[in-house]
Amino acid sequence: MSYILENIGLFQTIHRSSWIFIFTLFFITYFLYGLNKSKAANMTQMFLRLFFIVMLFSGVSLVIAYDFDPFYVTKGLIAIIMMGLMESSNVRRKKGGQSKSAFIGGSVLLVLVVLMGFRVISF
Numbered sequence: 001m002s003y004i005l006e007n008i009g010l011f012q013t014i015h016r017s018s019w020i021f022i023f024t025l026f027f028i029t030y031f032l033y034g035l036n037k038s039k040a041a042n043m044t045q046m047f048l049r050l051f052f053i054v055m056l057f058s059g060v061s062l063v064i065a066y067d068f069d070p071f072y073v074t075k076g077l078i079a080i081i082m083m084g085l086m087e088s089s090n091v092r093r094k095k096g097g098q099s100k101s102a103f104i105g106g107s108v109l110l111v112l113v114v115l116m117g118f119r120v121i122s123f
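In the UniProt record's numbering, the protein residues as written are 1 to 123.
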């Protein structure tokens, strides 16, 4: 716990940076699958998954540092659902299935979580 509190700035920077990569890689991967560029899309999807893990680790660390504030716990739960929808939309697109609803859902939750992160939306 003390390590997290002593390095909270580092965790915040890692967390913010991972969101930038997630935002970018999600859309790149989705559209690469649409263009049938499977090899490139598979690579970007692996990087996307890596940044999901980085984001989860840094996010859990920040939730602990903020004493499990309900706002941040809610943001984290929404982010986990968002990751599931993003992954689902990319896998469905890769297999040629219906991916539009998962894509829209993941995109909406992405915007929601980013707005919560910048405290545009708060409670």
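Backbone N, C-alpha and C fix where the C-beta goes; we use that ideal spot for every residue, glycine too.
Element boundaries [alpha helix (DSSP H), containing residue i]
| i | result |
| --- | --- |
| S107 | K100 to G117 |
| N36 | Unbroken run through N36: none, as it is neither H nor E. |
| I121 | I121 -> no alpha helix (DSSP H), and no H or E assigned at all. |
| G76 | P70 to K95 |
| residue 161 | Only positions 1 to 123 of the chain appear in the structure, and residue 161 is not among them; the question remains open. |
Through-space distance from residue j to residue i, alpha-carbon basis
| i | j | result |
| --- | --- | --- |
| I8 | P70 | 18 Å |
| K100 | R49 | 20 Å |
| S88 | K75 | 20 Å |
| F47 | I80 | 17 Å |
Which listed residue (the options) has its alpha carbon closest to that of residue i
| i | options | result |
| --- | --- | --- |
| F103 | I53, N90, F52 and A79 | N90 |
| I22 | M55, A40 and L85 | M55 |
| S61 | V120, F123 and F11 | F11 |
| S2 | S17, Y66, I53 and L35 | Y66 |
| S18 | I78, R93, G96 and F51 | F51 |
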